[in-house]
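Numbering (UniProt numbering), first residue to last: 1 to 468.
Shown next, in the form of structure tokens:
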């Protein structure tokens, strides 16, 4: 449609825009500064800086669905102006062709002022239908979830929510969770899977050191790049991972991005020690708002499945059923502790017998380097790296961060800069539950085990571990 045909509409627009601009706080000078070229959008998509005045202004609540770089450097239009794909694209048939939306181009090249209010009522697309992986509506929801989390105090359950059947805390943003669940594994991808606090980090370092001949990552940023946490960073972290690498995930089998051409290492731990380790993890990370929480309070949450990634038994059983699959390597934390050398070689064989397993057998010095790098003494060095990581992220300008990392920073806000309390890698022992469980709690967990594992031999995994 030509500009000439739409001239009457433009005239009507110019009559209607000023009141709307004043009402919504739009920068008063940007229409006279060359459209969108005179108005610098910020990474959040909710604010901008007028290049004439240098002042920040809140933008109209148009539904922005594309980063500016995807539409020739211009910020996108709202969905009301382009009902098929938004962002000024021509339609479903040819989403790569940009439509000439002269009204939006004239007004700002990106934020449609006329449709700003109506945009809330006219959204025709779900996030899954959009070709872009970034959506500020999700970003807004993530921020709102963080703001609505309860105030610091013990047993703070409002930190958690249900996301597509997964019980997770607000650290795992809607954007990144949706991205993680939609990830399509590449041939040869390796996943390290577990319920939280069952040995995931240890297994990540085992695999990374096997790949690197016993040379550990230099710092936490390099480690996160080599072994990205899928639900925390989204699919972009997995796609950009240098290969060979290993993708960390806490997803149960029914939610796991699955491919018969990918490999899955599942590590589990007895529920008693898992509960204790999970308690310290939740208390030590400020984002959980559980700094003053007690073990008794956390035990109630754990046994009810009201912690990150839900019920322990549902998670472990979902993978236990697949322990015999050719592309699944199922192992317990306790077995690795008992014979670390033997299990490192088995893991190396699973990753590639000739490339990794045989090489470690032929070079004993290399195997010793791997074993040294994954010892509890070496693993405790992670604590200092992890405490520095949040400070490093908070000092980086948001626009320089990958979208997945940026959403974490924006969701957690000031909590990211609060130091982690205690130690992420703690004792690394089997049986610490005896120092925490009361006799009544032991009986409650035994009843829970009997209920959840009826008809399964799951607990035989720990028949030699001296559990109650």
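Cβ coordinates follow ideal geometry from the N, Cα and C atoms, glycine included.
Residue state for residue 195 is assigned as coil, using DSSP reduced to three classes. Following the DSSP letters along the chain, one finds residue 350 inside the alpha helix (DSSP H) bounded by residues 340-352. Where residue 161 is concerned, the enclosing beta strand (DSSP E) starts and stops at 160-163. Your pair residue 267 and residue 199 checks out as a contact, with CB atoms roughly 4 Å apart and the cut at 8 Å. In the DSSP assignment, residue 331 is bridged to 267. Separation of the CB atoms of residue 219 and residue 370 is rounded to 19 Å, and the pair is thereby denied contact status at 8 Å.
The beta strand (DSSP E) runs lying completely inside the segment 230-309 and spanning 3 residues or more are 247-249 and 263-268, given in chain order. In the DSSP secondary-structure assignment, residue 169 is bridged to 160. Spanning the alpha carbons of residue 170 and residue 452 requires a straight line of approximately 27 Å. Residue 439: member of the alpha helix (DSSP H) spanning 439-452, first to last residue.
In chain order, 357, 360, 361 and 367 place their CB closer than 8 Å to the CB of residue 345, counting only its own chain and leaving out the 5 sequence neighbours on each side.
When the beta-carbon positions are compared, residue 206 and residue 449 stay at least 7 Å from each other. In this structure, the CA atom of residue 242 is about 48 Å from the CA atom of residue 439. Ranked by how close their Cα comes to the Cα of residue 281, the residues 239, 240, 196 and 333 have 196 in first place. Residue environment: residue 216 is assigned as buried (16 or more neighbouring CB atoms within 10 Å of its CB, all protein chains considered). No residue range can be given for residue 459, since it is assigned to no alpha helix (DSSP H) and is classified by DSSP as neither H nor E.
The alpha-carbon of residue 284 is positioned some 6 Å away from that of residue 291. A buried status is given to residue 334, since no fewer than 16 other beta-carbon atoms sit within 10 Å of its beta-carbon. Close CB contacts of residue 337 within its chain, under the 7 Å cut and outside five residues either way in sequence, are with 430 (chain order). One thing to note: residue 433 has its Cβ within 7 Å of the Cβ of residue 276. Residue 168 and residue 273 have their C-alpha atoms some 21 Å from each other.
With contacts defined as CB atoms closer than 7 Å, residue 258 and residue 193 fail to qualify as a contacting pair. When the beta-carbon positions are compared, residue 320 and residue 458 come within less than 7 Å of each other. Residue 227 places its beta carbon 7 Å or farther from that of residue 256. In the three-state DSSP reduction, residue 190 falls in the strand class (E or B).
Using a Cβ distance threshold of 7 Å, residue 249 and residue 230 count as a contacting pair.
Between residue 270 and residue 467, the C-beta spacing is below 7 Å. Under the DSSP assignment, residue 372 falls in the alpha helix (DSSP H) whose first and last residues are 364-373.
Rounded to whole angstroms, the gap between the alpha carbons of residue 443 and residue 302 is 14 Å.
Rounded to whole angstroms, the gap between the alpha carbons of residue 175 and residue 364 is 45 Å. Of the residues assessed, residue 189 falls on the buried side of the cut-off, its CB having 16 or more other CB atoms within 10 angstroms. Exposed is the label assigned to residue 165, since fewer than 16 other Cβ atoms lie within 10 Å of its Cβ. Residues 253 and 328 of the same chain have their beta carbon placed closer than 7 Å to that of residue 322, with the five preceding and five following residues left out of the count. Residue state for residue 337 is assigned as helix, using DSSP reduced to three classes.
Assignment of residue 182 by DSSP, reduced to helix, strand and coil, places it in the coil class.
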